[in-house]
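Q: One structure is given below, represented as structure tokens, and several questions about it will come after.
Numbering (our numbering), first residue to last: 87 to 247.
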């Protein structure tokens, strides 16, 4: 694969990549990130007594909606037919972290990495929004792509460097 920026033409103008000649392939992406919260928020979320409601349930729906709206938020993303999207959680009660995992699958001419990353970020933002009345000292961290499959560039697996 040729390295370089693909969203610029020969004159430096921003463009959407032309995928019209590409083959449809099966594509997946898994992204993650976490939000650090205080013990009061962690307790309220796990007990299910946050005043705004079911934080993780609402955040899951928001993340899925974010995945479906990615091409409306990121200017050069192609609209994609999302065939599968899931938002999963791991609660680390010792470190007061809520880890989010977003998996996205499709068959198409371009990948779903941006959709998975958007899903994670929207989920984290929703957790923040629903818990900010308890404590605004929350930090979203380490949002990144874990892996992707399919496409011309092949498979990718995140490795710490």
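A virtual CB, placed ideally from N, CA and C, is assigned to each residue, including glycine. It should be emphasised that the depicted structure is a prediction, and the values quoted were computed from it without experimental measurement.
Report the option in 196, 204, 152, 174 whose CA atom is closest to the CA atom of residue 109.
A: If you number the chain shown from 1, residue 109 lands on position 23. Comparing Cα-Cα distances from residue 109 to each of 196, 204, 152, 174, the minimum goes to 196.
Q: Where does the unbroken alpha helix (DSSP H) through residue 197 begin, and where does it stop?
A: The sequence position of residue 197 within the chain shown is 111, counting from 1. Premise fails: residue 197 is in no alpha helix (DSSP H) and is neither H nor E.
Q: If I'm right that residue 153 touches residue 201 with Cβ under 8 Å, what's the distance once you round it to whole angstroms?
A: Within the chain shown, numbered from 1, the residue matching residue 153 stands at position 67. Within the chain shown, numbered from 1, the residue matching residue 201 stands at position 115. Confirmed, Cβ separation roughly 5 Å.
Q: Exposed or buried, what is residue 186 when buried is set at 16 or more other beta-carbons lying within 10 Å of its beta-carbon?
A: The residue given as residue 186 occupies position 100 in the chain shown. Counting Cβ neighbours within 10 Å, residue 186 comes out buried, since at least 16 surround it.
Q: Only counting the same chain, and skipping five residues up and downstream in sequence, which positions put a Cβ closer than 8 Å to that of residue 221?
A: Reading the chain shown from its first residue, position 135 is the one you call residue 221. Hits under 8 Å: 123, 124, 126, 127.
Q: Decide if residue 98 is buried, meaning its Cβ has at least 16 other Cβ atoms within 10 Å, or exposed.
A: Locating residue 98 in the chain shown gives position 12, where the first residue counts as 1. Counting other Cβ atoms within 10 Å of its Cβ, residue 98 stays below 16 and is therefore classed as exposed.
Q: Which residue wins for smallest C-alpha separation from residue 140, given the options 212, 238, 237?
A: Here residue 140 corresponds to residue number 54 of the chain shown, with the count starting at 1. Considering only 212, 238, 237, the residue with the shortest C-alpha distance to residue 140 is 212.
Q: Using C-beta distances below 8 Å, list every residue in its chain close to residue 207, excluding the 5 sequence neighbours before and after it, in chain order.
A: Taking the chain shown and counting its residues from 1, the one referred to as residue 207 is at position 121. Within the same chain, residue 207 has close Cβ partners 119, 152, 226, 229.
Q: Using the C-alpha atoms, what's the distance from residue 198 back to residue 165?
A: Translated into positions along the chain shown, residue 165 becomes position 79. Translated into positions along the chain shown, residue 198 becomes position 112. A straight line joining the alpha-carbon of residue 165 with that of residue 198 spans about 10 Å.
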